[in-house]
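Novice: I am attaching a structure below and will ask some questions about it afterwards.
See below:
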């Protein structure tokens, strides 16, 4: 009986190792730079990549080539960056764009559920959920801010809600162009390229 159990464990361990090697080889091939793949394959799905060591935000290799396979972690097919210039033009793996982020990032009432400055945190203040439809005043402030900043503050194209990518640029610098590239590789990937992204909506 003990021999059977031991043999089963060995076979199971071998299967896990073999599966891991196959996955690494496949992922490496998909992640390689080159022509963009037409669409995601059944074996290349978000739940495999989101739990992997592969960072979906590292989209350009050391030679400066775009790793088109990385697009398929969040998109159902590889966007044409020359034609699809806004979130309205691309297809994501979930109807709610913020749910794409939530596969890897823990989403609390945003931003981060609680205020980050020590003074405010000591007061017990809890930030309100920001992933909602902005008020008319906020929308007006956003439009005003965009006159000063060469960036974009996209809302959910279906619901007009604020989403993660309203404030954070999920792409690496050099993948997109113009306003869509602004804030890439900044601290917290802030679309303002600085920590004052809050002032885009909350103007003094």
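In the numbering used here, the protein residues as written are 851 to 1054.
Every residue, glycine too, gets a C-beta built ideally from N, C-alpha and C.
Under a Cβ-count criterion, where at least 16 other Cβ atoms within 10 Å of its own Cβ denotes burial, should residue 1008 be classed as buried or exposed?
Specialist: The residue in question, residue 1008, is exposed, as its Cβ has fewer than 16 Cβ neighbours within 10 Å.
Novice: Would you identify the three-state DSSP class for residue 904, choosing helix, strand or coil?
Specialist: coil
Novice: Is there contact here, the segment 918 to 925 with the segment 978 to 990, by at least three beta-carbon pairs under 8 Å?
Specialist: No, they do not touch.
Novice: By Cβ distance, which residues of its chain are closer than 7 Å to residue 1043, with the 5 residues on each side in sequence left out?
Specialist: Within the same chain, and ignoring the five residues on either side of residue 1043 in sequence, the residues whose Cβ sits closer than 7 Å to its Cβ are 1032, 1033 and 1036.
Novice: What separation, rounded to the nearest whole angstrom, lies between the Cα atoms of residue 1016 and residue 910?
Specialist: 22 Å
Novice: Name the DSSP bridge partner or partners of residue 925?
Specialist: 942
Novice: What separation, rounded to the nearest whole angstrom, lies between the Cα atoms of residue 898 and residue 907?
Specialist: Model confidence at residue 898 stands at a pLDDT of 47, short of 50, so the residue's coordinates are unreliable; what they give is reported in the following sentence. Computed Cα separation, rounded: 16 Å.
Novice: Relative to the alpha-carbon of residue 999, which residue among 1027, 979, 952 and 1047 has its alpha-carbon at the smallest distance?
Specialist: 1047
Novice: Alpha carbon to alpha carbon, how far is residue 1030 from residue 1041?
Specialist: 9 Å
Novice: I'd like to check one pair, residue 924 with residue 1004: are the Cβ atoms closer than 9 Å?
Specialist: no
Novice: Where does residue 1013 sit, in a helix, a strand or coil, going by DSSP?
Specialist: Correct three-state label for residue 1013: coil.
Novice: Using DSSP's beta-bridge definition, name the partner residues of residue 1005.
Specialist: 1012
Novice: Establish whether the CB of residue 1018 and some CB of chain B are separated by less than 9 Å.
Specialist: Among the chains of the structure shown, chain B does not appear; only one protein chain is present.
Novice: Of the choices 1039, 1053 and 1023, whose alpha-carbon is the least far from that of residue 996?
Specialist: 1053
Novice: Determine which residues share a DSSP beta bridge with residue 1040 and list them.
Specialist: 1018
Novice: I'd like the span of the alpha helix (DSSP H) that includes residue 993, first residue to last.
Specialist: In this chain, the alpha helix (DSSP H) harbouring residue 993 covers 986 to 998.
Novice: How would you write the range of the alpha helix (DSSP H) that residue 1050 sits in, first residue to last?
Specialist: Note, residue 1050: premise wrong, no alpha helix (DSSP H); not H, not E.
Novice: Report back the beta-carbon spacing between residue 1013 and residue 947 to the nearest angstrom; my notes put them in contact at under 8 Å.
Specialist: 5 Å
Novice: I'd like the list of long-range same chain contacts for residue 945, defined as Cβ closer than 8 Å, with 5 residues on each side in sequence excluded.
Specialist: 1008
Novice: Tell me, to the nearest whole angstrom, how far the beta carbon of residue 1051 is from that of residue 1002; I am working on the premise that it is less than 8 Å.
Specialist: Their Cβ separation, rounded to whole angstroms, is 14 Å, which puts residue 1051 and residue 1002 out of contact at 8 Å.
Novice: Do residue 1010 and residue 937 have their beta-carbon atoms positioned less than 9 Å apart in this structure?
Specialist: Cβ atoms of residue 937 and residue 1010: not closer than 9 Å.
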